[in-house]
Structure formats: structure tokens, C-alpha cells
Amino acid sequence: MAKNGLASRLYRGEAGLDVIGRRKVWFGVALALVLLAALSFGLRGFSLGIEFAGGNSFQIPASVGTLEQTELKVQEALDTAGDGAEVVTTQKVGGTGGDFYEVRTSQLDTEQANAVKDEIAEEFGIDAATISGNQVSEAWGSQVTSRALLGLVIFIAVVMIYLILRFEWRMAVAAVASLIMNLVLTAGIYSLVGFEVTPSTVIGFLTILGFALYDVVVVFDKVQENTRGITANNNQTYGEAANLAINQSLMRSLNTSVVALLPVGGLLFIGAGLLGAGTLKDLGLVLFVGMAMAFLTSILLATPLLVLLKNYDPRIQAHNKRVMARRGAISRGEVTGKGTAPRTDESDDEPVDPESAALAGAAPRVGARPAGKRPTGARSGRPAGGGGNRPGGGKRR
Numbered sequence: 001m002a003k004n005g006l007a008s009r010l011y012r013g014e015a016g017l018d019v020i021g022r023r024k025v026w027f028g029v030a031l032a033l034v035l036l037a038a039l040s041f042g043l044r045g046f047s048l049g050i051e052f053a054g055g056n057s058f059q060i061p062a063s064v065g066t067l068e069q070t071e072l073k074v075q076e077a078l079d080t081a082g083d084g085a086e087v088v089t090t091q092k093v094g095g096t097g098g099d100f101y102e103v104r105t106s107q108l109d110t111e112q113a114n115a116v117k118d119e120i121a122e123e124f125g126i127d128a129a130t131i132s133g134n135q136v137s138e139a140w141g142s143q144v145t146s147r148a149l150l151g152l153v154i155f156i157a158v159v160m161i162y163l164i165l166r167f168e169w170r171m172a173v174a175a176v177a178s179l180i181m182n183l184v185l186t187a188g189i190y191s192l193v194g195f196e197v198t199p200s201t202v203i204g205f206l207t208i209l210g211f212a213l214y215d216v217v218v219v220f221d222k223v224q225e226n227t228r229g230i231t232a233n234n235n236q237t238y239g240e241a242a243n244l245a246i247n248q249s250l251m252r253s254l255n256t257s258v259v260a261l262l263p264v265g266g267l268l269f270i271g272a273g274l275l276g277a278g279t280l281k282d283l284g285l286v287l288f289v290g291m292a293m294a295f296l297t298s299i300l301l302a303t304p305l306l307v308l309l310k311n312y313d314p315r316i317q318a319h320n321k322r323v324m325a326r327r328g329a330i331s332r333g334e335v336t337g338k339g340t341a342p343r344t345d346e347s348d349d350e351p352v353d354p355e356s357a358a359l360a361g362a363a364p365r366v367g368a369r370p371a372g373k374r375p376t377g378a379r380s381g382r383p384a385g386g387g388g389n390r391p392g393g394g395k396r397r
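The sequence shown begins at 1 in UniProt numbering and counts up one residue at a time.
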């Protein structure tokens with residue numbers, strides 16, 4: 001029973017999952033998710049950190065109380081001296097001098113920042129010198145964004161060149177479309193959750209591109225192996241060969257993704273969730289979501305899109321038609337399952353195809369002896385009864 005289970009059949013590539021045949025479903029789901037992500041971009045947007053939106057940060061010793069109490073006190077100080085400023089994020093951070101709370105606020109000028117710092121010290125009853133503050137301009141975030149976009153364009157261009165040289169242009173287009181879809185869906189989830197966008201987030205987005213590319217190359221390598229010389233064989237279409245490649249490489253991609261997601265999940269759920277390491281959640285979330293999306297898009301989007309593009313190739317179109325025509329002839333009984341010989345009745349006037357006769361053993365081999373019985377005593381075509389040169393074989397007197 002275990003040998004015929006789903007997991008065992010997946011490992012052997014015998015599960016028979018029809019991924020390519022349902023490509024319209026996957027395209028529809030992908031389109032719906034893209035529309036949902038675009039809607040989130042327009043309505044919710046992104047929660048930009050002070051590195052991108054500009055703002056101030058205050059580091060307060062963790063000994064003053066809990067995280068919630070600290071956030072409440074800082075907001076009261078902002079209401080008093082900050083001229084309408086508000087707390088953006090609060091997180092606990094560890095340092096060489098001990099743990100402290102990092103409170104990030106909206107943009108303050110130098111005078112307002114000093115006033116808020118004094119008010120915070122008064123609220124907690126500590127020395128103002130123990131509170132450090134920093135001011136970040138949004139210009140720095142703009143530079144990071146422009147450099148990240150430039151890196152993205154260069155990465156995609158290099159990937160296109162590599163995939164065209166390694167495979168073909170259709171595979172390159174399908175792979176890049178999968179990578180872009182991966183980025184859009186990951187960004188959509190990031191927008192819906194409302195996590196703060198920081199430089200760590202940008203680094204995470206660039207990191208998942210490499211992982212997504214690896215997943216696509218694994219699948220496409222198997223597709224190329226299965227479809228090499230496919231037009232010389234009328235047994236399966238290009239889509240069927242690609243679907244077989246997905247089944248054969250599915251467990252490899254799944255195992256790779258699971259192994260990669262385990263440490264990232266620990267970083268996100270244990271490090272950021274349970275231990276409160278807030279600086280890890282930005283990087284952890286984008287890596288976790290991006291790697292999971294990379295596995296799904298490489299299987300459900302990249303390869304079906306490749307098959308869609310290949311089906312526009314005249315050679316593949318003609319090949320697919322030959323395969324379907326042959327199957328139709330087999331179903332009507334016009335040809336056998338293995339050979340190409342037409343099946344005729346004894347009363348038919350049409351001659352039997354020589355290739356079919358040869359396959360069936362009815363046609364003699366070229367140069368073969370007749371099947372008749374040799375004469376008794378004959379050897380090598382000589383008459384029986386004598387081994388001499390004259391008939392009768394008698395001795396000369």
C-alpha cells in the first residue's frame with residue numbers, strides 16, 4: 001500500500017498531476033491575485049519606514065517598562081512637544097549596552113526632536129543623556145530605491161541572456177514573467193499585512209529573485225530533457241512532455257523549498273514572533289513569502305506559460321496535430337497501437353502494407369532461403385549418392 005501512496009508516486013514521478021491541462025485555471029488565479037495586489041497597492045499602499053519616508057528614532061533603555069508603556073509615553077511626549085507628530089513603530093532591540101526600545105516617529109525638526117527627547121526623559125524619570133535620537137531624511141530612502149530598481153533591471157537582463165543561451169527565448173520569457181509575478185505577489189502580501197518597508201525588505205526582495213530563478217531552471221532543465229527531439233516521435237505532445245517533467249521534478253523542487261523555508265520560518269516566527277526581535281521580521285517575512293511563491297510560480301505559472309508560447313511555434317503545432325491525428329486513427333482502429341500498419345480484413349481488395357507485414361513476420365527477409373524442406377541426402381546443392389565429380393560416384397577402372 002505504501003508503495004502506491006501519493007508520496008511514493010510523487011517521488012517516482014508517477015502521480016500524473018495534470019498541471020499543464022489546467023493552465024487556464026492557474027492563469028485565472030494568477031490574474032485574480034495580481035488584481036488583488038494592485039488593489040492593495042492603491043488603497044493601502046506600503047508602510048514605509050523612516051529610511052524611505054523620513055522621520056526620527058529614539059532609543060530608550062528597556063528598563064523603563066514594557067514596550068506598550070514606552071510607546072504610550074512617547075506618544076504623550078509627541079502630543080506635548082511634537083506638533084502633531086505620531087509614533088510609527090516601536091520595537092525591542094538588543095545592543096552591546098543592553099536592551100533598549102527603538103521608537104520611530106514621523107518627521108521632526110531639530111528643535112522639536114530635542115523637546116520630545118526632554119519630554120520623554122521627564123515622563124520616564126530618567127536622565128535625557130540616556131536617550132539617543134537620530135534623524136533620517138527621505139532622500140536616503142530614495143537613493144536606496146533607485147539603486148534597488150537599477151539592480152533589478154540588471155538582474156533581469158542578465159537572467160534573460162543566460163536563459164536564452166542555456167535554453168531558448170521562450171523559456172527566458174516564461175522564467176522572467178514568473179520572477180516578476182513572484183515579486184508582485186510578495187509585494188501584495190507585504191502591503192496587505194502592513195509590515196514596515198525597510199532596507200532589509202529591499203534586500204529580501206532581491207534575494208528571493210535568485211531562489212525563484214533556481215526553481216525555474218530546475219523545472220525547465222527537465223522540460224528540455226523530455227522534449228529534446230520530440231518532433232521525431234508522435235507519441236506525446238509538447239504539453240504532455242512538459243507535464244511529465246513537472247511531475248518528475250515536483251518532489252525535488254518541493255524538498256528544496258521546504259529545506260529553505262524551515263530556517264526562514266524559524267527566523268520569522270520564533271525570532272521575530274516569540275523572541276521579539278523586531279529587526280528580523282521585515283527580512284523574515286519577505287523571504288518566507290517570496291520563497292513559497294517561487295515554488296508555486298515555477299510549477300503553476302512558468303511551465304504552463306512556456307507551453308502556451310511553444311504551441312505558437314509552427315513546428316510544435318504540426319507535431320501536436322500529428323500526435324492527435326494518430327490517436328484518432330488508433331481509436332477508430334485504423335492503425336495499431338505500436339505500428340503504423342492499417343488493419344484490413346481478408347475480403348478487402350487493398351494490399352497489406354509491407355511494413356506491417358514485416359513487423360508481423362509475414363514478409364520474407366531479403367536474401368533469406370525459401371522455407372521449403374531440403375532434399376534428403378543433398379548437401380550444398382550437390383546430387384545425392386556420390387562425393388565424386390561424376391554422377392554415380394563410381395571408381396574409374
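Note that CB positions come from ideal geometry on N, CA and C, so glycine has one too.
Computed from a prediction, not measured in an experiment: that's the story for all the values here.
Please determine, among Ile161, Met291, Tyr101 and Arg228, the residue with the shortest C-alpha to C-alpha distance to glutamate 68. Numbered from its first residue, the sequence shown carries residue 68 at position 68. Nearest C-alpha to glutamate 68: Tyr101.
Along the chain, where does the beta strand (DSSP E) that runs through glutamine 135 open and close? Stepping through the sequence shown from its first residue, residue 135 is reached at position 135. Element bounds for glutamine 135: 132-136.
Start and end of the alpha helix (DSSP H) containing isoleucine 246? Counted from its first residue, the sequence shown places residue 246 at position 246. Going by DSSP, isoleucine 246 is part of the alpha helix (DSSP H) stretching over 238-265.
Return helix, strand or coil for glutamate 225, following the three-state DSSP convention. Within the sequence shown, the letter at position 225 stands for residue 225. Note: glutamate 225 maps to helix in three-state DSSP.
With 16 other CB atoms within 10 Å as the buried threshold, where does valine 259 fall? Walking along the sequence shown from the start, residue 259 turns up at place 259. Exposed, by the Cβ-count rule.
Helix, strand or coil: how does DSSP classify glycine 392 here? Position 392 of the sequence shown, counted from the first residue, corresponds to residue 392. Residue placement at glycine 392 is flagged as unreliable, the pLDDT there being 45, under the threshold of 50; the coordinate-derived value follows with that caveat. Reduced to three states, the DSSP call for glycine 392 is coil.
State yes or no: is the C-beta of arginine 166 within less than 9 angstroms of the C-beta of valine 218? In the sequence shown, the residue the question calls residue 166 occupies position 166. In the sequence shown, the residue the question calls residue 218 occupies position 218. Going by C-beta atoms, arginine 166 is not nearer than 9 angstroms to valine 218.
Anyone know if the C-beta pair for methionine 181 and alanine 172 falls short of 9 angstroms? As a working note, residue 181 is residue 181 in the sequence shown. As a working note, residue 172 is residue 172 in the sequence shown. One thing to note: methionine 181 has its Cβ no nearer than 9 angstroms to the Cβ of alanine 172.
Segments assigned alpha helix (DSSP H), at least 4 residues, entirely inside the stretch 49-117: Complete alpha helix (DSSP H) runs here, min 4: 50-53 and 67-81.
Contacts around alanine 318, its chain only, beta-carbon distance under 7 angstroms, and the 5 residues preceding and following it disregarded: Numbered from 1 along the sequence shown, position 318 holds the residue referred to as residue 318. Counting only Cβ-Cβ distances below 7 angstroms, and skipping sequence neighbours, we find nothing.
Could you tell me the distance, in whole angstroms, from the CA atom of arginine 44 to the CA atom of serine 191? Within the sequence shown, the letter at position 44 stands for residue 44. Within the sequence shown, the letter at position 191 stands for residue 191. Distance between the alpha carbons of arginine 44 and serine 191: 7 angstroms.
For lysine 373, count neighbouring C-beta atoms within 10 Å of its own C-beta (all shown protein chains included) and say buried if the count is 16 or more, exposed if not. The residue you call residue 373 lines up with position 373 of the sequence shown. Residue confidence for lysine 373 is low, a pLDDT of 44 falling below 50, so the modelled location carries little weight; the figure read from the coordinates is stated next. Counting the other CB atoms within 10 Å of its CB gives lysine 373 a total below 16, which places it among the exposed residues.
Please confirm if the stretch 246-264 is in contact with the stretch 278-293, defined as three or more CB-CB distances below 8 angstroms between the two stretches. Yes, they touch.
Nearest to phenylalanine 205 by alpha carbon, out of Leu183, Val25, Leu213 and Phe195? Along the sequence shown, one-based indexing puts residue 205 at 205. Checked all of Leu183, Val25, Leu213 and Phe195; the closest Cα to phenylalanine 205 is Leu183.
Below 8 angstroms, can you find three or more Cβ-Cβ pairs linking the stretch 241-260 to the stretch 196-210? Fewer than three Cβ pairs drawn from the stretch 241-260 and the stretch 196-210 lie within less than 8 angstroms of each other, which leaves the two stretches out of contact.
Here's a check: name, in chain order, each residue in its chain whose Cβ is nearer than 6 angstroms to the Cβ of serine 200, leaving out the five neighbours to either side. Indexing the sequence shown from 1 puts residue 200 at position 200. Within the same chain, serine 200 has close Cβ partners Asp282 and Leu283.
Is valine 29 near the ligand ADP, with its Cβ less than 8 angstroms from a heavy atom? Ligands in the displayed structure: none, and consequently the ligand ADP is not present.
Helix, strand or coil at glutamate 196 [DSSP, three-state]: Indexing the sequence shown from 1 puts residue 196 at position 196. The answer is strand: DSSP assigns glutamate 196 an E or B state.
Contact check, serine 178 vs threonine 297, beta carbons under 9 angstroms: For the purposes of this step, residue 178 is taken as residue 178 along the sequence shown, with counting starting at 1. For the purposes of this step, residue 297 is taken as residue 297 along the sequence shown, with counting starting at 1. The Cβ atoms of serine 178 and threonine 297 sit closer than 9 angstroms to each other.
Ordered along the chain, which non-local residues of its own chain (more than five positions away) have a Cβ less than 7 angstroms from that of leucine 309? Sequence index remark: in the sequence shown, residue 309 carries index 309 (1-based). The beta carbon of leucine 309 sits closer than 7 angstroms to those of Arg170, Val173 and Ala174, all from its chain and outside the five residues before and after it, given in chain order.
For a quick check, are the C-beta atoms of arginine 23 and proline 314 less than 9 angstroms apart? On the sequence shown, position 23 is the one that residue 23 refers to. On the sequence shown, position 314 is the one that residue 314 refers to. Result no, Cβ atoms of arginine 23 and proline 314 do not sit closer than 9 angstroms.
Distance check for glycine 188 and leucine 35, CA to CA, integer angstroms please. The sequence position of residue 35 within the sequence shown is 35, counting from 1. The sequence position of residue 188 within the sequence shown is 188, counting from 1. Rounded to the nearest angstrom, the two C-alpha atoms are 10 angstroms apart.
On the CB-based measure, 16 or more other CB atoms within 10 Å of its CB, does alanine 129 come out buried or exposed? Counting from one through the sequence shown, the residue named residue 129 turns up at place 129. Exposed.
Assuming contact is defined by CB atoms lying nearer than 9 angstroms, are isoleucine 316 and valine 19 in contact in what I supplied? Position 316 of the sequence shown, counting from 1, holds the residue named residue 316. Position 19 of the sequence shown, counting from 1, holds the residue named residue 19. Against a cut-off of 9 angstroms, the Cβ pair of valine 19 and isoleucine 316 comes out as no contact.
Would you kindly report the start and end of the unbroken alpha helix (DSSP H) that includes alanine 30? In the sequence shown, residue 30 corresponds to position 30, counting from 1. Residues 23-43.
Coarse secondary structure for aspartate 18, derived from DSSP in three states: Here residue 18 refers to the residue found at position 18 of the sequence shown. The DSSP-derived three-state label of aspartate 18 is coil.
Contacting residues, own chain, Cβ-Cβ under 8 angstroms from alanine 324 (five flanking each side not counted): To locate residue 324, count along the sequence shown from 1; it is residue 324. The sequence given here has methionine at residue 324, not alanine. Excluding the 5 residues flanking it on each side, methionine 324 has same chain C-beta neighbours closer than 8 angstroms at Thr237, in chain order.
So the alpha helix (DSSP H) leucine 309 belongs to, where does it begin and stop? Indexing the sequence shown from 1 puts residue 309 at position 309. Leucine 309 -> alpha helix (DSSP H) spans 303-310.
Quick one: Cα of glutamate 334 to Cα of glutamine 224, how far? Counting from one through the sequence shown, the residue named residue 334 turns up at place 334. Counting from one through the sequence shown, the residue named residue 224 turns up at place 224. So the alpha carbons of these two residues sit roughly 33 angstroms apart.
Three or more beta-carbon pairs under 8 angstroms between the stretch 56-65 and the stretch 116-127, yes or no? Yes: the two stretches touch, three or more of their Cβ pairs being nearer than 8 angstroms.
Label valine 74 either buried or exposed according to how many other C-beta atoms from any shown protein chain fall within 10 Å of its C-beta, with 16 as the threshold for buried. Numbered from its first residue, the sequence shown carries residue 74 at position 74. Of the other Cβ atoms in all chains shown, 16 or more fall within 10 Å of the Cβ of valine 74; this residue is therefore buried.
Buried or exposed: where does glutamate 196 fall if 16 or more other Cβ atoms within 10 Å of its Cβ makes it buried? Here residue 196 refers to the residue found at position 196 when the sequence shown is read from its first residue. Residue environment analysis places glutamate 196 among the buried positions, since at least 16 neighbouring C-beta atoms fall within 10 angstroms of its C-beta.
Below 7 angstroms CB to CB, which residues in the same chain sit around serine 249 once its five sequence neighbours on both sides are set aside? Working through the sequence shown from its first residue, we reach residue 249 at position 249. Val218, Val219 and Lys222, listed in sequence order.
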